[in-house]
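**Q** For what it's worth, the UniProt record's numbering labels the leading residue of the sequence shown as 1, then goes sequentially.
Ideal Cβ placement from N, Cα and C applies to all residues, glycine included.
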Amino acid sequence: MPEQMLPVQQGPAPSPAPDWVRLPGRGGNALVAIITIVEEEYVAVRARGDFNELAGDSPYLRRNEVAPGVYDMILARTVDRSNGPCGDLVRTIAEQFRPEFIILSGIAGGVGREGVGLGDVVVADHVDWYEMRKMAEGKDVIRKMALDHPSLYLRETIFQRVKHQEKWLARIGMERPVEGKPQVFEGNLIAGDKILGDGENEYQRMILDEFDKALAVDMESYGLARGVYNARSARHYNLNYLVVRGISDLVNAAGNNDQRKQWRDYAAATAAAFSLSVADEIVAICK
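#1: Can you check whether the CB of L224 is closer than 8 Å to the CB of L104?
#2: Counting only runs of 3+ residues fully inside the segment 55-142, write out the beta strand (DSSP E) ranges in chain order.
#3: Just verifying my parser: in three-state terms, what is the DSSP assignment at Y241?
#4: Going straight from the alpha carbon of I207 to that of G106, what length do you get?
#5: I need the straight-line Cα distance from E186 to G69, nearest angstrom please.
#6: For E220, count the other beta carbons within 10 Å of its own beta carbon; 16 or more makes it buried, fewer makes it exposed. Which is it?
#7: Whole-angstrom Cβ separation of S248 and R264, contact assumed at under 8 Å?
#8: Can you grab the Cα-Cα spacing for the pair E202 / R143, in whole Å?
#9: Cβ atoms of N240 and A153: under 8 Å apart, would you say?
#10: Measure the C-alpha to C-alpha separation of H200 and G27 and round it to an integer number of angstroms.
#11: Which first and last residues belong to the alpha helix (DSSP H) in which N256 is found?
#12: Rounded to whole angstroms, what is the Cα-Cα separation between L54 and D280?
#13: When the distance is taken between beta carbons, is R81 closer than 8 Å to L61?
#14: Return the bridge partner residues of I190 from the DSSP annotation.
#15: Is there contact between the segment 156-171 and the segment 249-263, where contact requires at least three CB pairs shorter than 8 Å?
#16: Could you give the distance in angstroms between the alpha-carbon of F101 and the alpha-carbon of R63?
#17: What three-state label does DSSP hand F211 in the structure shown?
#18: Measuring straight from C-alpha to C-alpha, what distance separates A234 and F97?
#19: For A267, which residues from the same chain have a beta carbon less than 7 Å from its beta carbon, with the 5 sequence-adjacent residues on both sides left out?
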């Protein structure tokens, strides 16, 4: 009598990849990548998001795995400060995970214009690099390199929604150094490889006079903008980015270093709360 074959028990089929997965990355795919620079920024995002370690020796964290090797959000930190390491990280993440969106979350120095104060959030509408210059014949003239600017879609749709709903405020989760409520601004952010913090410094004064609409200053946004510009050289890859900065100090203020020590944790928290709220809104829309 022939042996009867028992039916093979099969588990549930794996979830199909969501429709936003267009190009496979070397390590999988992610919808949103959040980038941080210094420890306070990384800790602030990690403490407010439900992140887990990726398998193996990956230095990145991930949130929900929505299909095999596909994540709604990953969290990364650069190996060092300044534009170069930030651009390197953008390139690596773009190759490994092909995210649709990148958010740079962290602290920056405020210029003290348009009412921007300590603990407030500045979202960049335009990024400038002030370091590339030609000095000749008694003149100091800025030069430009090609770069991407913050995503119109993220600024026009997601940013405005998160800003006006104000649900993000509940995610800050720490006491403000002085009484008040953080405000959200959108404007020009300038980036260089120097920490600007001396209102009497001639170079700093020249830069702030030249960029008379700048609201904040950092050392990484140009690296991000240039990295995104390079990543979008692939025909079917349209990477979008947003810069979210909590103001930890005012660059022209006396006692700038003391301000930064007092406000940096809170400023990192406001940036993290806003960045995660933007990321959650993206995930909800793309489900």
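**A** Here's the rundown:
#1: Yes; because the gap between Cβ atoms is below 8 Å, this pair is in contact.
#2: Listed in chain order, the complete beta strand (DSSP E) runs (minimum 3 residues) inside the segment 55-142 are 65-67, 70-77, 101-110, 121-129, 133-136 and 139-142.
#3: Y241 falls in the strand class under three-state DSSP.
#4: The straight-line gap from Cα to Cα measures roughly 22 Å.
#5: Those two C-alpha atoms are separated by around 35 Å.
#6: With 16 or more Cβ atoms within 10 Å of its Cβ, E220 is classed as buried.
#7: R264 and S248 do touch by the CB rule: their CB atoms are close to 4 Å apart, below 8 Å.
#8: Here the alpha carbon of E202 sits roughly 19 Å from the alpha carbon of R143.
#9: According to the sequence as given, residue 153 is Tyr; it is not Ala. Between Y153 and N240, the C-beta spacing is below 8 Å.
#10: Per the sequence shown, the amino acid found at residue 200 is Glu instead of His. Answer to the nearest angstrom: the Cα atoms are 48 Å apart.
#11: Bounds of the alpha helix (DSSP H) holding N256 are N256 to C286.
#12: Distance between the alpha carbons of L54 and D280 is about 20 Å.
#13: No, Cβ-Cβ distance for L61 and R81 is not below 8 Å.
#14: In DSSP, I190 forms a bridge with D128 and V217.
#15: Taking 8 Å as the limit for Cβ pairs, the verdict is that the segment 249-263 does not touch the segment 156-171.
#16: So the two alpha carbons sit approximately 15 Å from each other.
#17: In the structure shown, F211 sits in coil (DSSP, three-state: anything other than H, G, I, E or B).
#18: Each residue's Cα considered, the two are about 14 Å apart.
#19: Result list for A267: I107, G119, G246, I247 and S248, in chain order.
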